[in-house]
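Structure, as structure tokens:
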Amino acid sequence: MEGEGMTEAVQPDLFNGALETGVRSVVILETAHPRSFDLTQLTWLDHLVVHTADLDGPESLHPNVPQRNGELLVRRSLVEQGLALMQRLHLIEVKFTSEGIVYVACEQAAPFVRLIRSEYGRTLKQRAKWLLEYFADRGSDHLHEVITQKIGRWAIEFQSDTKPASGA
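Take any residue in the sequence shown, count from 1 to its spot, add 21: that is its number in our numbering.
As structure tokens, then:
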């Protein structure tokens with residue numbers, strides 16, 4: 022089971038499975054702490070943190086592939102699974118607010134994120150910081166506008182969520 026073929030076969034699941042999306046969510050939430058995000062916002066942020074070049078930001082973590090619109094539709098389920106996993110590990114907390122269900126980093130998230138030292142992990146942390154600063158400078162409605170513009174209205178409507186109430 023050695024060799025390049027094994028790496029190629031494992032890589033897509035490694036970077037796009039529930040564990041990976043869960044870790045990315047913890048990194049995003051810890052970077053944003055004490056802010057919270059709902060599932061839709063985290064799905065959008067998860068997509069954008071690996072495709073920062075789409076925002077004229079730093080080089081993307083993941084390669085650009087054609088028809089990435091569908092990626093967002095699949096990603097929502099994976100982000101949801103990843104959030105459930107990270108909640109079981111006590112890295113994130115689910116809060117029920119008047120605006121809906123939101124997620125926030127737990128106290129244990131900070132030491133967990135500090136332990137992420139791989140090249141991919143270090144770059145992910147840099148991209149999360151850049152992404153959150155990008156949206157902080159532009160206001161909470163800008164995340165929704167970017168997704169509408171970059172991914173397309175059909176993807177947002179398919180998710181059947183309304184415009185997010187809390188901000189990035």
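Each residue gets a CB set at the ideal place from its N, CA and C atoms; glycine is no exception.
- Message: Is the separation between the beta-carbon of Val-125 and that of Glu-114 shorter than 7 angstroms?
- Response: Against a cut-off of 7 angstroms, the Cβ pair of Glu-114 and Val-125 comes out as a contact.
- Query: Exposed or buried, what is Glu-51 when buried is set at 16 or more other beta-carbons lying within 10 Å of its beta-carbon?
  - Reply: Sixteen is the threshold: when 16 or more other Cβ atoms of the shown chains lie within 10 Å of the Cβ of Glu-51, as they do, the residue is buried.
- Give me the Cα-Cα distance between Ile-122 and Arg-56, rounded to the nearest whole angstrom. Counting only the Cα atoms, Arg-56 lies some 13 angstroms from Ile-122.
- Kindly indicate which residue of Gln-170, Ser-139, Asp-158 and Glu-154 has the alpha-carbon position closest to the one of Val-70. Glu-154
- Opposite Gly-121 in the DSSP bridges: which residues? Thr-118
- Query: From Arg-45 to Ala-131, what does the alpha carbon distance come to, in whole angstroms?
  - Reply: 13 angstroms
- Comparing the C-beta of Arg-109 with each C-beta of chain D, is any distance below 7 angstroms? Here there is only one protein chain, and chain D is not present.
- Between the Cα of Ala-157 and those of His-72, His-54 and Glu-128, spot the shortest distance and give me the residue it belongs to. His-54
- Query: Helix, strand or coil: how does DSSP classify Ile-137 here?
  - Reply: coil
- Query: In this structure, what does DSSP give as the bridge partners for Ala-149?
  - Reply: Bridge partners of Ala-149: none, in fact.
- Classify Ala-149 as buried or exposed, calling it buried when 16 or more other Cβ atoms lie within 10 Å of its own Cβ. buried
- Gln-80 versus Trp-151 - alpha carbon distance: One point to set straight first is that residue 80 is Glu, not Gln, in the sequence displayed. About 11 angstroms.
- Between Gly-78 and the rest of its own chain, which residues show a CB-CB distance below 6 angstroms, the 5 nearest in sequence each way excluded? Trp-151
- Nearest to Arg-48 (by Cα), restricted to the options Asp-59, Asn-37, Leu-66 and Gly-38: Note that residue 48 is Val in the sequence shown here, rather than Arg. For the residues Asp-59, Asn-37, Leu-66 and Gly-38, the minimum Cα distance to Val-48 belongs to Leu-66.
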